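There are 2 protein chains.
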Amino acid sequence: MKIAIAGAGAMGCRFGFMLMDAGEDVTLIDGWQEHIEAICKKGLFVETETTQKYYPIPAVMADDAQGPFDVVILFTKAMQMDAMLKSIAPVLASAKVVMTLSNGLGNIETLEKYVKKETIYAGVTLLSCELEGPGHIRATGTGNTELQPIASHNSEMETHIIEMFNRAGLNAHISENVLLSIWKKAAFNSVMNTYCALLNCNVGEFGQLPMALELATLVVSEFVQVARSQQIPLTEEMVLETVRKVFDPRESGHHYPSMHQDLQKGRLTEIDYLNGAIARIGLANNIPVTANLLLTKLIHAKENQ
Amino acid sequence: MKIAIAGAGAMGCRFGFMLMDAGEDVTLIDGWQEHIEAICKKGLFVETETTQKYYPIPAVMADDAQGPFDVVILFTKAMQMDAMLKSIAPVLASAKVVMTLSNGLGNIETLEKYVKKETIYAGVTLLSCELEGPGHIRATGTGNTELQPIASHNSEMETHIIEMFNRAGLNAHISENVLLSIWKKAAFNSVMNTYCALLNCNVGEFGQLPMALELATLVVSEFVQVARSQQIPLTEEMVLETVRKVFDPRESGHHYPSMHQDLQKGRLTEIDYLNGAIARIGLANNIPVTANLLLTKLIHAKENQ
């Protein structure tokens, strides 16, 4: 299949080279010129646990992207989603499937402004990856990927996509409740990303603070109330279980979440699509969301500094 | 009068040398050995806008303090108050007046555990001072001092103390609502100290953030609700008016609040007697205090790092 990956950061590149390795016709689309130029010139440099290799994946700037593509996979950060969708409008027009695997809340709503609901797939992946520099990623570990068409099921297309993803090692399955998974991941990130960014520490250091779980619970309890108002059956325990797991230094303890990296590098963060989304929906529905509101403003304050 | 100043930090030293200058018999009491030794050896070195001078004020370690004193003035930090009162028990026994001018909420309650209510004066001073190092303060600017006996009025003693303070340039008057002033100052400090410490900035830098007033209001609105449950007629506007004033860089914009300094130097902060006190009283009275609770835990997290 002809596949476009829009938002070729760490995760977009990881999906890109794995799908290419499985024989698909992949094109990377991004807005970072230095990165695109590096990939065009020498290929995408991929380090894994055991190999180092250049992948000659076609790569174009978002404004230059042209279809047709069968599948467009969006890994664009939530705050750049709207601009990306505007840029690649010609690409979207002919796509049979437009899939968002981006983190945060609100991406599906943004997508619905630009493409037909029937073509939209939403998903969550637990794979991870690091962008080391222009044209260079480090892809280690593994994880599952969950997908769901958000309008109605089309079993032929679903089977095709799942088969292709699994051939590429992406451990994919069709989910019946992808929204719950998206909210669960957003709640997890609203704890880890936000507190590690604010306290300037990695996941393990945060987890070792005696009040870490209390801080997490302040965020998650509001998250759960807001989720229920949206018919998402999220529970505190679903999120806190995952939180406790990564506090273990043998897990991802040494990892600095992306929001920490964003603040360190003076970039805007995804806060408005994590704690900020909860604050927004909560205020609109008269649900107390003071912790998420305060954290959103504190991260914006850090961005301003 | 024989006056003991317990807690001879910046403010204790400032009151000490000003009362000595006015002819009173002053002794400084503190727990910081290097500071007490410096004062004993060379005197207290005081810089003002126009002068630099050594004051030969007697100074003793808290455990060695002996009375009798007519007046004991406590400038001990709230979190050290209990330990200080235990150390100077012999001094307190004979004092006619025990006065707390320390910042934060809960000092009067702590004092009541150790001395007769009839001897307690509570107060607030808007004078400020910086401790430059052992035995060395910088005392600039001026400000009013408000005092009130917390049990019943004794006009002879009050007149005497006010006359003495004013002779020393401490701009004192008897207040009819010192608790309101204490809560107002605590609310102000719960905004300025806490956010500047958390965001690692000075007052002016905090004030220039576009969300500064929203962040302030999240703290103050809870403060006001908790104050009302304690019959303290605090309003949001009383606090926010003062907050707005110091945001002006021509005011104290370049000032780093003491909590910022405490965190930078790895010391414990007064957070439990500011936002933390509001969280505690609020939770006990079923008043929502999420912002103050979250900020308290974040500052404790910073102390732990």
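Chains as they are written, first to last, in my numbering: chain Z, 1 to 305; chain H, 1001 to 1305. Every residue gets a Cβ at the ideal spot worked out from N, C-alpha and C, and that includes glycine. On a predicted model such as this, the values are computed, not experimentally measured, just so you know.
Rounded C-alpha distance that separates residue i from residue j
| i | j | result |
| --- | --- | --- |
| W183 of chain Z | N1171 of chain H | 58 Å |
| K302 of chain Z | L198 of chain Z | 8 Å |
| T1076 of chain H | D1262 of chain H | 15 Å |
| M1081 of chain H | S190 of chain Z | 38 Å |
| L283 of chain Z | G276 of chain Z | 11 Å |
| L19 of chain Z | S102 of chain Z | 17 Å |
| L240 of chain Z | A1186 of chain H | 34 Å |
| R1228 of chain H | L1131 of chain H | 35 Å |
| N1200 of chain H | P1257 of chain H | 10 Å |
| G135 of chain Z | E1214 of chain H | 41 Å |
| A216 of chain Z | G1106 of chain H | 28 Å |
| A90 of chain Z | L268 of chain Z | Looking at the sequence shown, residue 90 of chain Z is not Ala but Pro. Computed Cα separation, rounded: 27 Å. |
| Y55 of chain Z | E37 of chain Z | 14 Å |
| F188 of chain Z | V226 of chain Z | 15 Å |
| L1127 of chain H | V1072 of chain H | 19 Å |
| V1115 of chain H | L1092 of chain H | 7 Å |
| I281 of chain Z | E158 of chain Z | 31 Å |
| F223 of chain Z | N177 of chain Z | 17 Å |
| T1235 of chain H | L209 of chain Z | 35 Å |
| E1270 of chain H | P1288 of chain H | 21 Å |
| V26 of chain Z | R250 of chain Z | 35 Å |
| A1168 of chain H | H1160 of chain H | 12 Å |
| E146 of chain Z | S181 of chain Z | 8 Å |
C-beta atoms of residue i and residue j nearer than 9 Å
| i | j | result |
| --- | --- | --- |
| H300 of chain Z | M1192 of chain H | no |
| S94 of chain Z | D63 of chain Z | no |
| Q264 of chain Z | E1205 of chain H | no |
| G143 of chain Z | M84 of chain Z | no |
| K1002 of chain H | F1069 of chain H | yes |
| V98 of chain Z | T125 of chain Z | no |
| R138 of chain Z | T48 of chain Z | yes |
| T1015 of chain H | I1005 of chain H | Checking the sequence, you will find Phe at residue 1015 of chain H rather than Thr. Yes; because the gap between Cβ atoms is below 9 Å, this pair is in contact. |
| E34 of chain Z | M164 of chain Z | no |
| A78 of chain Z | D272 of chain Z | yes |
| F247 of chain Z | V203 of chain Z | yes |
| I150 of chain Z | K96 of chain Z | no |
| C13 of chain Z | C129 of chain Z | yes |
Reduced DSSP secondary structure (H/G/I, E/B, other) of residue i
| i | result |
| --- | --- |
| F1045 of chain H | strand |
| E1024 of chain H | coil |
| G1204 of chain H | helix |
| V1178 of chain H | helix |
| R1138 of chain H | strand |
| H1153 of chain H | coil |
| L1105 of chain H | coil |
| Q1305 of chain H | coil |
| T1110 of chain H | helix |
| H255 of chain Z | coil |
| A6 of chain Z | strand |
| L1074 of chain H | strand |
| K1117 of chain H | helix |
| E270 of chain Z | coil |
| A291 of chain Z | helix |
| L1170 of chain H | coil |
| Q1066 of chain H | coil |
| I1029 of chain H | strand |
Extent of the continuous beta strand (DSSP E) run through residue i
| i | result |
| --- | --- |
| T217 of chain Z | Per DSSP, T217 of chain Z belongs to no beta strand (DSSP E); it is in the alpha helix (DSSP H), A212 to S229. |
| E130 of chain Z | E130 to G133 |
| M61 of chain Z | A59 to M61 |
| M99 of chain Z | V97 to T100 |
| E1209 of chain H | Note that residue 1209 of chain H is Leu in the sequence shown, not Glu. No beta strand (DSSP E) holds L1209 of chain H; DSSP gives it neither H nor E. |
| K265 of chain Z | Segment: none, K265 of chain Z is in no beta strand (DSSP E) and carries neither H nor E. |
| Q52 of chain Z | Q52 to Y55 |
The alpha helix (DSSP H) enclosing residue i, as first and last residue numbers
| i | result |
| --- | --- |
| G123 of chain Z | Looking at the DSSP string, G123 of chain Z is not in any alpha helix (DSSP H); the run it does join, the beta strand (DSSP E), is I120 to T125. |
| T242 of chain Z | E236 to F247 |
| K86 of chain Z | M81 to S87 |
| I281 of chain Z | N275 to A284 |
Give me the subset of the stretch 1209-1234 of chain H whose CB atoms are less than 7 Å from a CB atom of chain Z, sorted by chain position. Within the stretch 1209-1234 of chain H, the qualifying residues are L1209, P1210, M1211, E1214, L1215 and L1218.
In the stretch 1279-1300 of chain H, which residues sit with their C-beta less than 8 Å from some C-beta in chain Z, listed in chain order? For the stretch 1279-1300 of chain H, which is checked against every Cβ of chain Z, the residues closer than 8 Å are P1288, T1290, A1291, L1293, L1294, L1295, K1297, L1298 and H1300.
At a Cβ cut of 9 Å, what residues of the stretch 185-211 of chain Z count as close to chain H, listed as they run along the chain? Residues Y195, L198, L199, N200, C201, E205, F206, Q208, L209, P210 and M211.
At a Cβ cut of 7 Å, what residues of the stretch 1247-1276 of chain H count as close to chain Z, listed as they run along the chain? Answer set for the stretch 1247-1276 of chain H: empty.
Contact residues within the stretch 152-181 of chain Z, judged by C-beta distance below 9 Å to chain H: Those residues of the stretch 152-181 of chain Z that come within reach of chain H (Cβ to Cβ, closer than 9 Å) do not exist; the list is empty.
Listed in chain order, which residues of the stretch 1086-1110 of chain H have Cβ atoms closer than 8 Å to some Cβ of chain Z? Taken residue by residue, none of the stretch 1086-1110 of chain H has a beta-carbon sitting less than 8 Å from a beta-carbon on chain Z.
Identify each residue in the stretch 32-66 of chain Z for which the Cβ-Cβ distance to at least one residue of chain H is less than 7 Å, and report them in chain order. Listed in chain order, the positions of the stretch 32-66 of chain Z with a beta carbon within less than 7 Å of a beta carbon of chain H would be empty, since no residue qualifies.
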